[in-house]
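*Asks:*
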Amino acid sequence: MIDTKGSKILIVDDEKRNRVLLRKLMEEEGYQVEEASSGSLALAQTSMFSPDLVLLDAMMPEMDGFEVATQLKSNDKTEGIPVIMVTALDDQASREKGLSRGIEEFITKPIKANEIQIRVRNLLRLKIANDILKNHNHLLDEKVKARTQRLKASFEESIFLLMRASEYRDDETGAHVKRISHYCRRLAEMLGMNKIFCDTLFLASSMHDIGKIGIPDSVLLKPGGFEPGEWEIMKSHTTIGAEILKTSEHSSSYIKMGKKVALCHHEKWDGSGYPNGLKGKEIPLSARIMGLCDVYDALRSERPYKKAFDHKKAVGIIEHGDEKIKSGHFDPAVKEKFVANHEVFNEIFETYKS
């Protein structure tokens with residue numbers, strides 16, 4: 019549940035006793051409170067105080083609450099601040115007038131303490147959620163920006179912990195997940211992809227082997243080669259992963275890209291990969307980047323069926339191929355950037371070795 023404590027409330031009313039009552043109710047909820055005794059003062063206070071919500075009286079001399087709301091909602095800097103009109107007016111025409119000015123809620127006097135506290139809390143939660151969703155499109159104040167960063171950091175940490183759990187049986191340090199994320203982001207940057215793509219791939223790539231959760235230990239940890247039936251089971255981690263990350267139109271961009279990466283990171287440029295034998299640009303770019311990075315890390319790492327190779331040998335295999343890995347497995351443009359900047363990948367491997 020979103021915590022609203024510490025949010026800033028501006029109370030606007032020409033009657034002091036009303037302001038005193040509303041201040042008491044808001045401070046009981048842990049909010050910071052400022053007051054304004056007129057419409058003009060309310061607009062000035064909004065500029066200085068940057069409230070998260072305004073409690074606004076309708077009937078005031080000089081500038082009434084409807085005019086205050088009109089000016090707040092017509093200003094780009096204040097249009098997102100929710101307004102609750104506290105009024106003795108209860109006729110339909112007044113409500114329609116208020117709604118047309120952008121007012122979110124109405125509370126009729128005399129005030130019921132529990133009702134106004136609940137409505138304020140719910141509107142604040144909605145504002146905080148909307149601010150987070152719009153953080154890529156709007157310049158946020160420092161408080162909201164800090165809250166967004168904490169949420170993003172928490173989301174990233176959760177993803178990495180879950181992926182580390184999925185890798186734990188065959189990579190007890192979880193270092194593979196960290197390296198893959200850094201490889202993929204750097205390679206995407208080298209290919210000229212924008213920051214949103216690169217940052218999304220940083221998280222999405224960590225989900226590439228989530229489908230291993232569904233592979234029995236007898237297959238996953240088997241030293242040496244697989245029998246044909248075992249190999250089919252092992253290959254199914256791609257489709258299992260895509261099923262786990264099944265998306266909807268409301269899914270995050272990280273999960274949507276994660277599904278593509280999980281399903282397609284073993285597809286090959288020449289069409290010899292699995293599970294669907296995709297070829298060339300039929301393979302999503304995120305998966306083409308991930309596929310090369312996964313091969314590099316696998317070559318550098320010890321596995322039940324192989325010893326670790328040094329950086330030079332791993333790069334040579336990716337560039338020229340060997341008895342198992344063919345040069346044609348990789349998108350030529352992706353491979354070219356990797357080879358030209360190969361030392362970057364060695365640095366990442368050494369940095370996140372364990």
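Take the sequence shown: its position 281, counting from 1, is numbered 299 in the working numbering, and each next residue is one higher.
Beta carbons: idealized from backbone N, C-alpha and C, even for Gly.
So, under 8 Å CB-CB, Ile99 and Leu43 are touching, yes? Tell me the CB distance rounded to an integer number of Å.
*Replies:* The residue given as residue 99 occupies position 81 in the sequence shown. The residue given as residue 43 occupies position 25 in the sequence shown. With a Cβ gap of about 19 Å, Ile99 and Leu43 do not count as contacting.
*Asks:* Taking its Cβ as the centre, do 16 or more other Cβ atoms sit within 10 Å of Thr22, making it buried, or is it exposed?
*Replies:* As a position in the sequence shown, residue 22 is number 4, starting the count at 1. Classification for Thr22: buried.
*Asks:* With a 10 Å radius around its C-beta and 16 neighbouring C-beta atoms as the bar for buried, classify Ser25 as buried or exposed.
*Replies:* Here residue 25 is taken as the residue at index 7 of the sequence shown, counted from 1. Classification of Ser25: buried, given that the 10 Å Cβ count is 16 or more.
*Asks:* Along the chain, where does the alpha helix (DSSP H) containing Thr64 start, and where does it finish?
*Replies:* If you number the sequence shown from 1, residue 64 lands on position 46. Per DSSP, the unbroken alpha helix (DSSP H) holding Thr64 starts and ends at 57-67.
*Asks:* Just to confirm, are Met225 and Gly247 a CB contact at a threshold of 9 Å?
*Replies:* For this step, residue 225 is matched to residue 207 along the sequence shown. For this step, residue 247 is matched to residue 229 along the sequence shown. Cβ distance not < 9 Å, so Met225 and Gly247 don't count as in contact.
*Asks:* Tell me which residues share the same chain as Leu331 and place their Cβ nearer than 8 Å to its Cβ, disregarding the 5 neighbours each side in the sequence.
*Replies:* Residue numbering aside, residue 331 sits at position 313 when the sequence shown is read from its first letter. Here residue 331 turns out to be Lys, not Leu, going by the sequence shown. Contacts found: Leu317.
*Asks:* Given that a residue counts as buried once 16 or more other Cβ atoms are within 10 Å of its Cβ, and exposed if not, what is His156?
*Replies:* On the sequence shown, residue 156 is found 138 positions in, with the first residue counted as 1. Annotation note: pLDDT 49 at His156 (below 50); position unreliable, no value reported.
*Asks:* Three or more beta-carbon pairs under 8 Å between the segment 107-118 and the segment 55-67, yes or no?
*Replies:* no
*Asks:* By how many angstroms is the C-alpha of Cys216 removed from the C-alpha of Arg204?
*Replies:* Stepping through the sequence shown from its first residue, residue 204 is reached at position 186. Stepping through the sequence shown from its first residue, residue 216 is reached at position 198. Distance between the alpha carbons of Arg204 and Cys216: 8 Å.
*Asks:* Which full runs of the alpha helix (DSSP H) of 4+ residues lie inside the segment 231-295, going along the chain?
*Replies:* The qualifying runs are 235-238, 246-253, 255-262, 271-282.
*Asks:* Kindly indicate which residue of Glu97, Phe84, Ser92 has the alpha-carbon position closest to the one of Thr105.
*Replies:* Counting from 1 along the sequence shown, the entry for residue 105 is found at position 87. Comparing Cα-Cα distances from Thr105 to each of Glu97, Phe84, Ser92, the minimum goes to Phe84.
*Asks:* Return the CA-CA distance between Glu114 and Ile228, expressed in angstroms with no decimal places.
*Replies:* Your numbering for residue 114 matches position 96 in the sequence shown. Your numbering for residue 228 matches position 210 in the sequence shown. Whole-angstrom Cα-Cα distance: 52 Å.
*Asks:* Cα-Cα, which of Lys127, Ser345, Met308 is closest to Leu281?
*Replies:* Residue numbering aside, residue 281 sits at position 263 when the sequence shown is read from its first letter. Of Lys127, Ser345, Met308, the residue nearest in Cα terms is Met308.
*Asks:* Could you tell me how far apart the beta carbons of Val138 and Leu39 are, in whole angstroms, since I believe they sit closer than 8 Å?
*Replies:* To locate residue 138, count along the sequence shown from 1; it is residue 120. To locate residue 39, count along the sequence shown from 1; it is residue 21. Contact flag wrong, Cβ pair sits at about 14 Å.
*Asks:* Can you tell me where the beta strand (DSSP E) with Thr126 in it begins and where it stops?
*Replies:* Start at 1 with the first residue of the sequence shown, and residue 126 comes out as number 108. Note, Thr126: beta strand (DSSP E), 123-126.
*Asks:* Could you name the residues of the same chain whose beta carbon sits closer than 6 Å to that of Glu123, not counting the 5 residues immediately before and after it, in chain order?
*Replies:* To locate residue 123, count along the sequence shown from 1; it is residue 105. The residues Ile102, Arg137, in chain order, have a CB closer than 6 Å to that of Glu123 in the same chain once the five nearest residues on each side in sequence are set aside.
*Asks:* Measure from the alpha carbon of Ile125 to the alpha carbon of each residue in Glu337, Asp75, Leu296, Tyr49, then state which is nearest.
*Replies:* Within the sequence shown, numbered from 1, the residue matching residue 125 stands at position 107. The candidate whose alpha carbon is nearest that of Ile125 is Asp75.
*Asks:* Give me the DSSP bridge partner(s) of Arg321.
*Replies:* For the purposes of this step, residue 321 is taken as residue 303 along the sequence shown, with counting starting at 1. Paired residue(s): Lys324.
*Asks:* Provide the residue span of the beta strand (DSSP E) that contains Leu71, from first to last.
*Replies:* Position 53 of the sequence shown, counted from the start, is the residue given in the question as residue 71. Here the beta strand (DSSP E) through Leu71 covers 71-75.
*Asks:* Let's see if you can read the secondary structure: which residues bound the alpha helix (DSSP H) around Ile335?
*Replies:* The count along the sequence shown starts at 1 and reaches residue 335 at position 317. Its alpha helix (DSSP H) spans residues 329-338.
*Asks:* Between Pro302 and Lys253, how many whole angstroms is the CB-CB distance? I'm expecting something under 8 Å.
*Replies:* Looking up residue 302 in the sequence shown gives position 284. Looking up residue 253 in the sequence shown gives position 235. Between Lys253 and Pro302 the Cβ distance is about 18 Å, and since that is not below 8 Å, they are no contact.
*Asks:* Check for me: the alpha helix (DSSP H) holding Met208 runs from which residue to which?
*Replies:* Stepping through the sequence shown from its first residue, residue 208 is reached at position 190. From DSSP, the alpha helix (DSSP H) with Met208 extends over 193-208.
*Asks:* Measuring alpha carbon to alpha carbon, tell me which residue in Tyr49, Gly48, Glu45, Asp82 is nearest Leu59.
*Replies:* Your numbering for residue 59 matches position 41 in the sequence shown. Nearest of Tyr49, Gly48, Glu45, Asp82 to Leu59, Cα basis: Asp82.
*Asks:* For Leu209, tell me which candidate among Gly48, His194, Leu73, Ser304 has the shortest Cα-Cα distance.
*Replies:* As a first step, residue 209 must be located in the sequence shown, where it is residue number 191. Ranking Gly48, His194, Leu73, Ser304 by Cα distance to Leu209 puts Ser304 first.
*Asks:* Please confirm whether Phe348 and Arg306 have their CB atoms less than 9 Å apart.
*Replies:* Here residue 348 is taken as the residue at index 330 of the sequence shown, counted from 1. Here residue 306 is taken as the residue at index 288 of the sequence shown, counted from 1. Yes. Within cutoff.
*Asks:* Find out if the Cβ-Cβ distance for the pair Phe367, Phe356 is shorter than 9 Å.
*Replies:* Here residue 367 refers to the residue found at position 349 when the sequence shown is read from its first residue. Here residue 356 refers to the residue found at position 338 when the sequence shown is read from its first residue. Not in contact: Phe367 and Phe356 (Cβ atoms no closer than 9 Å).
*Asks:* Buried or exposed: His338, going by 16 or more other Cβ atoms within 10 Å of its Cβ?
*Replies:* If you number the sequence shown from 1, residue 338 lands on position 320. Looking at its Cβ environment, which holds fewer than 16 other Cβ atoms inside 10 Å, His338 is exposed.
*Asks:* Assuming Arg35 contacts Glu53 (C-beta within less than 8 Å), just tell me the rounded distance between them.
*Replies:* In the sequence shown, counting from the first residue as 1, residue 35 sits at position 17. In the sequence shown, counting from the first residue as 1, residue 53 sits at position 35. In fact, because the Cβ distance is near 12 Å, the residues do not count as touching under 8 Å.
*Asks:* Given a cut-off of 9 Å on the beta-carbon distance, is the pair Gly346 and Ser290 in contact?
*Replies:* Translated into the one-based positions of the sequence shown, residue 346 becomes position 328. Translated into the one-based positions of the sequence shown, residue 290 becomes position 272. Yes, the pair counts as a contact, with Cβ atoms nearer than the cut-off.
*Asks:* Of the residues Ile343, Ser56, Gly334, which one's Cα is nearest the Cα of Glu361?
*Replies:* One-based indexing of the sequence shown puts residue 361 at position 343. With distances taken between Cα atoms, Glu361 lies closest to Gly334.
*Asks:* Is the CB-CB distance between Lys278 and Lys344 below 9 Å?
*Replies:* The residue given as residue 278 occupies position 260 in the sequence shown. The residue given as residue 344 occupies position 326 in the sequence shown. Contact flag unset, no.
*Asks:* Am I right that Leu411 and Ile27 are in contact with their C-beta atoms under 8 Å? What's the rounded C-beta distance?
*Replies:* This structure cannot speak to residue 411, because the chain is shown only from 19 to 372.
*Asks:* What are the start and end residues of the alpha helix (DSSP H) that includes Ile134?
*Replies:* As a first step, residue 134 must be located in the sequence shown, where it is residue number 116. That run of the alpha helix (DSSP H) goes 131-151.
*Asks:* Which same chain residues end up closer than 8 Å to Glu33 when comparing Cβ atoms and leaving out the 5 residues on each side of it in sequence?
*Replies:* Start at 1 with the first residue of the sequence shown, and residue 33 comes out as number 15. These residues qualify, in order along the chain: Asp75.
*Asks:* By alpha-carbon positions, which one of Asn359, Arg321, Val313 ends up nearest to Asp340?
*Replies:* By 1-based counting over the sequence shown, the position of residue 340 is 322. Among Asn359, Arg321, Val313, the Cα nearest to that of Asp340 belongs to Val313.
*Asks:* Candidates Cys311, Thr265, Ser269, Lys264: which alpha carbon is nearest His284's?
*Replies:* For the purposes of this step, residue 284 is identified with residue 266 of the sequence shown, where counting begins at 1. The shortest Cα separation from His284 among Cys311, Thr265, Ser269, Lys264 belongs to Cys311.
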